[in-house]
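Undergrad: Shown below is the structure under consideration.
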Amino acid sequence: MAHKIFHATTKIATGWLFGACCATAVQAADIQQLYLVRHAAKADSSIDPVLSACGQAQAAALATLLQDVPLRQLYHSGYQRTKQTAAASLKEGRQLQQYDAKDLPALAKVLQSTGENALVVGHSNTTPQLATLLSKLPAPDLGEQDYGRVYQLSRAGVQWSLQILQLPQPAECKR
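Under numbering that gives the first Met the number 0, think of the first position of the sequence shown as 0, with each following residue one higher.
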């Protein structure tokens with residue numbers, strides 16, 4: 000149901016998850032899903048703004064997409080806009096976790112070592128960087144007005160794939 004609110008815009012894959020010969024089946028528990036997003040639209044251009052009404056609607060749309068995805072950790076940088084974007088996806092069994100946006104290698108190490116699904120809310124400069132750092136695949140840059148793009152990273156064993164999804168623009172953003 001939630002997948003209907005997104006459409007794929009790009010898919011980049013590394014290697015084959017299943018080879019023509021000698022491949023072993025990948026168990027669902029062996030697949031890690033990471034969802035990397037830029038924070039939703041901010042209210043103003045101050046140093047640490049909250050989300051605008053449009054941004055709140057974008058965060059709610061993201062929460063709808065992820066409502067049935069098993070996620071324990073919702074990572075956000077130390078800014079209000081990233082925390083509010085992540086917090087929209089909070090529900091029982093999920094918790095917010097702040098990370099240092101200036102130390103993406105440390106976050107990448109944590110994400111890779113846990114092997115758990117996670118949401119990471121970052122910024123226009125850190126989100127593509129983290130996607131590339133984790134997957135070793137080129138991730139498209141984000142502009143200052145690019146909101147609602149989701150970098151979905153999937154890992155089976157050591158093989159990563161990167162799919163770029165785009166949230167539809169909520170009605171609150173069209174005003």
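Idealized CB from N, CA, C, for every residue including glycine. Here the structure is a predicted model, which means the values were calculated and not measured.
Quick check on residue 23: buried or exposed, where buried means 16 or more other Cβ atoms within 10 Å of its Cβ?
TA: To locate residue 23, count along the sequence shown from 1; it is residue 24. Any reading at residue 23 needs caution, since the residue's pLDDT is 36, under 50, leaving its predicted position unreliable; the model's value is listed next. Counting Cβ neighbours within 10 Å, residue 23 comes out exposed, since fewer than 16 surround it.
Undergrad: Please classify residue 179: does DSSP put it in a helix, a strand, or coil?
TA: Shown here, the chain extends from 0 to 174; a query on residue 179 therefore has no answer.
Undergrad: Report the option in 105, 67, 57 and 61 whose CA atom is closest to the CA atom of residue 76.
TA: For this step, residue 76 is matched to residue 77 along the sequence shown. It is 105.
Undergrad: For residue 160, name the three-state secondary structure that DSSP assigns.
TA: By one-based count along the sequence shown, residue 160 stands at place 161. The answer is strand: DSSP assigns residue 160 an E or B state.
Undergrad: Would you say residue 73 and residue 85 are within 8 Å of each other, going by their C-beta atoms?
TA: Position 74 of the sequence shown, counted from the start, is the residue given in the question as residue 73. Position 86 of the sequence shown, counted from the start, is the residue given in the question as residue 85. Against a cut-off of 8 Å, the Cβ pair of residue 85 and residue 73 comes out as a contact.
Undergrad: Nearest CA to the CA of residue 54: which residue from 159, 160, 157 and 148?
TA: Here residue 54 refers to the residue found at position 55 when the sequence shown is read from its first residue. When each option's Cα is compared against that of residue 54, the closest is 148.
Undergrad: So, for residue 137: in the same chain, excluding its five sequence neighbours on each side, which residues have a beta-carbon less than 6 Å away from its beta-carbon?
TA: As a working mapping, residue 137 is identified with position 138 in the sequence shown. Same-chain partners within the cutoff: there are none.
Undergrad: Counting C-beta neighbours from all protein chains within 10 Å, is the total for residue 37 16 or more, i.e. buried, or is it exposed?
TA: In the sequence shown, counting from the first residue as 1, residue 37 sits at position 38. Classification of residue 37: buried, given that the 10 Å Cβ count is 16 or more.
Undergrad: Given residue 132, which residues of its chain have a CB within under 8 Å of its CB, disregarding the five upstream and five downstream residues?
TA: What you label residue 132 is simply residue 133 of the sequence shown in a count that begins at 1. Answer for residue 132: 103, 104 and 107, listed in chain order.
Undergrad: To the nearest angstrom, how far is it from the Cα of residue 67 to the Cα of residue 151?
TA: Counted from its first residue, the sequence shown places residue 67 at position 68. Counted from its first residue, the sequence shown places residue 151 at position 152. Their backbone Cα atoms lie some 15 Å apart in a straight line.
Undergrad: Could you check which residue in 82, 156, 130 and 166 has the C-alpha nearest to that of residue 98?
TA: Numbered from 1 along the sequence shown, position 99 holds the residue referred to as residue 98. Residue 98 has its Cα closest to that of 82, out of 82, 156, 130 and 166.
Undergrad: Looking only at C-alpha atoms, which of 92, 59 and 127 sits nearest to residue 162?
TA: Here residue 162 refers to the residue found at position 163 of the sequence shown. Residue 127 is the option with its Cα nearest to residue 162.
Undergrad: Is residue 29 closer than 8 Å to residue 78 when the C-beta atoms are compared?
TA: Counted from its first residue, the sequence shown places residue 78 at position 79. Counted from its first residue, the sequence shown places residue 29 at position 30. No; because the gap between Cβ atoms is not below 8 Å, this pair is not in contact.
Undergrad: Over the uninterrupted beta strand (DSSP E) stretch that includes residue 155, give me the two end residues.
TA: Translated into positions along the sequence shown, residue 155 becomes position 156. That run of the beta strand (DSSP E) goes 148-155.
Undergrad: Of all the options 41, 146, 157 and 124, which has the alpha carbon lying nearest to the alpha carbon of residue 112?
TA: Here residue 112 refers to the residue found at position 113 when the sequence shown is read from its first residue. That would be 157, whose Cα lies nearest to the Cα of residue 112.
Undergrad: Spatial neighbours of residue 120 within its chain, please: C-beta separation below 6 Å, excluding the five flanking residues on both sides.
TA: For the purposes of this step, residue 120 is taken as the residue at position 121 of the sequence shown. 36, 38, 75, 81, 84 and 85.
Undergrad: Given this structure, state the Cα-to-Cα distance separating residue 153 from residue 117, to the nearest angstrom.
TA: For this step, residue 153 is matched to residue 154 along the sequence shown. For this step, residue 117 is matched to residue 118 along the sequence shown. Taking the straight line joining both Cα atoms gives about 11 Å.
Undergrad: Please report the straight-line C-alpha distance between residue 25 and residue 155, rounded to a whole angstrom.
TA: As a first step, residue 25 is located in the sequence shown; it is residue number 26 there, counting from the start. As a first step, residue 155 is located in the sequence shown; it is residue number 156 there, counting from the start. Residue placement at residue 25 is poorly supported in this model, since its pLDDT is 41, which falls under 50; the coordinates still yield a value, given next. Cα to Cα, the separation comes out at about 7 Å.
Undergrad: Could you check which residue in 129, 49, 65 and 90 has the C-alpha nearest to that of residue 166?
TA: As a position in the sequence shown, residue 166 is number 167, starting the count at 1. Out of 129, 49, 65 and 90, 65 has the C-alpha closest to the C-alpha of residue 166.
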